[in-house]
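Just so we're aligned, residue 143 is where the sequence shown starts under the numbering used here, counting upward by one.
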Amino acid sequence: MSWGFSCALTGGGRGLLVRRGGGDVVEFAFGLPGDPVPGWEPDESEARLTTADSFTARLRHLGDEAGWTTIVSLDNTADVERALPPLGMAATVAPGWCGWSWSCDTEGFVLVAPVDAVGPCLLARVRLGFLRVAADRPVFTAADRRGEGLGDGVAAFHLAHPTGSLRAFGRHQTTIEFSEVPDAAAAAGVLPGWMPDLVVAPHDPELLLETPDLAVVPGPGVQMGTQDTTSVLVWDPGHREVAVHGVRGVSRLRVSAMPALEPFLADLVTALKSKRPSAVPSAVGALVAGALARRAVLEPESALDWLEREDWLAREDLFGVAVAAIVATETLDEALLVQACEALAASPDAPGRGVVATRLWLATLRLGVPPLDLTAVLGGGLEAALLGAGDEGEWTTAVQGLANGFGVGRLPGQPIGLGEADAGLRVALLRLVPERWAVREVASEAAERAAALLLADHADGLHPSYDGLAWLVLGALSD
């Protein structure tokens, strides 16, 4: 495919800004150890030269009509083996674009896709060397880590092994090849042919690795057996690791095992109810209520009693309205349901309003009260379109953009700087895509892949808040 992006150096040679059509797409910043060499001047290919102790680091760029290549190298000038200094890269995705990455140390890529179209997309692939996401757990950014520079659209990567070493007079080199691909799914073409799907569903907990020429070493929480030359791996729920030893080195594979939803929610709700309802965020109440609605609780009466001890509508947020609607349905309280509908109508427009409105509309049908007028409550926007008021042709690209943010449901890896709350809400929105829309299959694949990753995050207890999980449960209207 032709190269429609452009690249420019930034930050005194430290950065690389990729643009398309006059707008920013993504900026890569390269962290080389040490200080610039005195008297050195950049030329057409060499953007930066630094030294640190016995190491010399170089950053070079080569561009042509077919794409762009960046080469980062470290030379050990000492006559003894030395520990590798830090060598890194940060990616900051521009508004209007979304990022996805996958790495296993020996291979990997960064994919940047539009949020309002299928493509074209930017693919930055490691052709030689090392790539590791600096923080691959949790998959979605935790709320308490936003202050660490890990906010929306930002991710950091290692370009050399963080605990590795380099032999005497040796060189470490990482070569990144930038190319244009027609859509996000095309990135699957650069994956190792032997690698299976790395997301494991509860109903199919085994993973088969057909690697007769490779050695497989299971990590903690992984049990392994063999059938002839096939490795059979069984997992505990959560994110697990398997090391595959090959000719290019050791590939670290992160496998995400999704817990069975109902038992997982039942145990989680039991733990959450140990606190007073007045002492928990509204998202916790919504999660308990959503689990109760799908009967994924150990003691339904106890869960309902816990919910009734708080005036959720007084919180004046969408989660509180959702809780009130579920409590009204469980107790056949028509007056409470009417109050919830009035509270939603009076609330400001906000993401997730369509998910909550659908809950209320279904509740009004069950209790026989005047049905909620969805068109009056929702107005315009994507959520209104997904609930039947929009034109498929007008909104398909927006749905495709949401799917791009989840690797279109087909790629291993994780999004670049997507928070837990946003992830759960986007899963709920993708599940609202009408079956008659042509993009429905892509939306479903992306939603289920993201839901599995989010549940694996929570199975490992990696998030201090439950907003995304609450949206995921509230949005599962047909389960």
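Just so you know, even glycine gets a beta-carbon here, dropped at the ideal spot from N, CA and C.
### Rounded Cβ spacing between L264 and F320 (contact assumed at less than 8 Å)
Locating residue 264 in the sequence shown gives position 122, counting from the first residue. Locating residue 320 in the sequence shown gives position 178, counting from the first residue. 7 Å between Cβ atoms; contact.
Between which two residues does the alpha helix (DSSP H) harbouring S489 extend?
Residue mapping note: residue 489 aligns to position 347 of the sequence shown, counting from 1. No alpha helix (DSSP H) holds S489; DSSP gives it neither H nor E.
- Query: Residues in its own chain within less than 8 Å of S148 by CB, not counting five upstream and five downstream?
  - Reply: Sequence index remark: in the sequence shown, residue 148 carries index 6 (1-based). Same-chain partners within the cutoff: V160, R161 and R162.
- Query: For H381, which residues of its own chain have a beta-carbon under 7 Å away from its beta-carbon, when the five flanking residues on both sides are left out?
  - Reply: Residue mapping note: residue 381 aligns to position 239 of the sequence shown, counting from 1. Contacts found: R279, R396, S398, A598 and D602.
* To do: Identify the continuous alpha helix (DSSP H) that holds T371 and give its terminal residues.
  => Walking along the sequence shown from the start, residue 371 turns up at place 229. Counting along the chain, T371 falls outside any alpha helix (DSSP H), and DSSP gives it neither H nor E.
| message | Distance check for L229 and G291, CA to CA, integer angstroms please. | response | In the sequence shown, counting from the first residue as 1, residue 291 sits at position 149. In the sequence shown, counting from the first residue as 1, residue 229 sits at position 87. Legend: pLDDT at G291 = 47, less than 50; position of this residue unreliable, value from coordinates given subsequently. Between G291 and L229, the C-alpha separation is close to 18 Å.
Take L595 as the anchor and find which of G530, L403 and A328 has the nearest alpha-carbon.
Here the question's residue 595 lines up with position 453 in the sequence shown. Of the candidates G530, L403 and A328, the one whose C-alpha sits nearest the C-alpha of L595 is L403.
- Using three-state DSSP, classify A189 as helix, strand or coil. The residue you call residue 189 lines up with position 47 of the sequence shown. Strand at A189.
Q. So does the region 545-552 actually touch the region 322-335, counting three or more Cβ pairs closer than 8 Å?
A. yes
Note to self: To the nearest angstrom, how far is the alpha carbon of G289 from that of T283?
What the structure shows: For the purposes of this step, residue 289 is taken as the residue at position 147 of the sequence shown. For the purposes of this step, residue 283 is taken as the residue at position 141 of the sequence shown. Low local confidence applies: a pLDDT of 46 at G289 is under 50, so the model's placement there is unreliable, and no value is given.
For R437, count neighbouring C-beta atoms within 10 Å of its own C-beta (all shown protein chains included) and say buried if the count is 16 or more, exposed if not. In the sequence shown, counting from the first residue as 1, residue 437 sits at position 295. It counts as exposed.
Which same chain residues, not among the five before or five after P338, have their C-beta less than 7 Å away from its C-beta? Your numbering for residue 338 matches position 196 in the sequence shown. Contacts found: L349, L350 and L351.
Coarse secondary structure for D166, derived from DSSP in three states: Position 24 of the sequence shown, counting from 1, holds the residue named residue 166. Note: D166 maps to strand in three-state DSSP.
Requested in this report: Report, in whole angstroms, the separation of the C-beta atoms of V374 and A385, which I expect to be a contact under 8 Å.
Outcome: Position 232 of the sequence shown holds residue 374. Position 243 of the sequence shown holds residue 385. Actually they are not in contact, since the Cβ atoms of V374 and A385 sit about 16 Å apart, beyond 8 Å.
(Q) Do V463 and A433 have their beta-carbon atoms positioned less than 9 Å apart in this structure? (A) Here residue 433 corresponds to residue number 291 of the sequence shown, with the count starting at 1. Here residue 463 corresponds to residue number 321 of the sequence shown, with the count starting at 1. Taking 9 Å as the Cβ cut-off, A433 and V463 do not qualify as a contacting pair.
Outcome for L507 when other beta-carbon atoms lying within 10 angstroms are tallied against a minimum of 16:
What you label residue 507 is simply residue 365 of the sequence shown in a count that begins at 1. Label assigned to L507: exposed.
Go ahead and label W182 buried or exposed: buried means 16 or more other beta carbons lie within 10 angstroms of its beta carbon, across all protein chains shown. Indexing the sequence shown from 1 puts residue 182 at position 40. It is exposed - the Cβ of W182 has fewer than 16 other Cβ atoms within 10 Å.
Uninterrupted beta strand (DSSP E) stretches inside the region 176-261 (no shorter than 3 residues) | 188-194, 197-206, 209-218, 230-235, 239-245 and 250-256
Q. Alpha carbon to alpha carbon, how far is D221 from T305?
A. Taking the sequence shown and counting its residues from 1, the one referred to as residue 221 is at position 79. Taking the sequence shown and counting its residues from 1, the one referred to as residue 305 is at position 163. In a straight line, the C-alpha of D221 is about 20 Å away from that of T305.
Mapping DSSP to helix, strand and coil, what is T317? Residue mapping note: residue 317 aligns to position 175 of the sequence shown, counting from 1. Three-state result, T317: strand.
Just tell me which of E536, G523, E169 and F461 has its CA closest to the CA of L502.
Numbered from 1 along the sequence shown, position 360 holds the residue referred to as residue 502. Of E536, G523, E169 and F461, the residue nearest in Cα terms is F461.
So for T353, helix, strand or coil by DSSP? Working through the sequence shown from its first residue, we reach residue 353 at position 211. Residue state, collapsed to three classes: coil.
Quiz item: Among the residues of its own chain, which have a CB less than 8 Å from the CB of A466, if the five just before and after it don't count?
Solution: Counting from 1 along the sequence shown, the entry for residue 466 is found at position 324. The answer, listed in chain order, is W454, L455, L478, L479, Q481, A482 and A485.
| message | So, with DSSP's three-state summary, where would you put T283? | response | Sequence index remark: in the sequence shown, residue 283 carries index 141 (1-based). T283 falls in the strand class under three-state DSSP.
Contact the region 549-559 vs the region 239-246: 3+ CB pairs below 8 Å = yes
Excluding the 5 residues preceding and the 5 following T368 in the sequence, name in chain order all residues of the same chain whose CB lies nearer than 6 Å to its CB. Within the sequence shown, numbered from 1, the residue matching residue 368 stands at position 226. Cβ neighbours of T368 beyond the five flanking positions: none.
Would you mind giving the Cβ-Cβ distance between K415 and A445, rounded to the nearest angstrom? I have them listed as a contact below 8 Å. Translated into positions along the sequence shown, residue 415 becomes position 273. Translated into positions along the sequence shown, residue 445 becomes position 303. About 7 Å separates the two Cβ atoms, so the contact holds.
### Query
Taking the beta strand (DSSP E) that V386 falls in, what are its first and last residues?
One-based indexing of the sequence shown puts residue 386 at position 244. Element bounds for V386: G380 to G388.
Q.
I'd like to know whether the C-beta atoms of G610 and G561 end up nearer to each other than 9 Å.
A. In the sequence shown, residue 610 corresponds to position 468, counting from 1. In the sequence shown, residue 561 corresponds to position 419, counting from 1. Yes, the Cβ-Cβ distance between G610 and G561 is below 9 Å.
- Taking all protein chains shown into account, do 16 or more other C-beta atoms lie within 10 angstroms of the C-beta of L204, making it buried, or fewer, making it exposed? Within the sequence shown, numbered from 1, the residue matching residue 204 stands at position 62. By the 10 Å Cβ count, L204 comes out exposed.
- Message: Using a Cβ-Cβ cutoff of less than 7 Å, which residues in the same chain neighbour G532 once the five nearest sequence positions on both sides are dropped?
- Response: Against the sequence shown, residue 532 aligns to sequence position 390. Answer for G532: A526, listed in chain order.
message: If you follow the alpha helix (DSSP H) that A328 is in, where does it begin and where does it stop?
response: On the sequence shown, residue 328 is found 186 positions in, with the first residue counted as 1. From DSSP, A328 is part of no alpha helix (DSSP H); its letter is neither H nor E.
Report task. Leaving out five residues on either side along the sequence, give the residues of the same chain with a beta carbon under 6 Å from the beta carbon of R582. Result -> Taking the sequence shown and counting its residues from 1, one reaches residue 582 at position 440. Answer for R582: V575, listed in chain order.
### For R457 and S424, believed in contact at Cβ under 8 Å, the rounded distance
Reading the sequence shown from its first residue, position 282 is the one you call residue 424. Reading the sequence shown from its first residue, position 315 is the one you call residue 457. Right, the Cβ-Cβ distance comes to about 5 Å (below 8 Å), so this counts as a contact.
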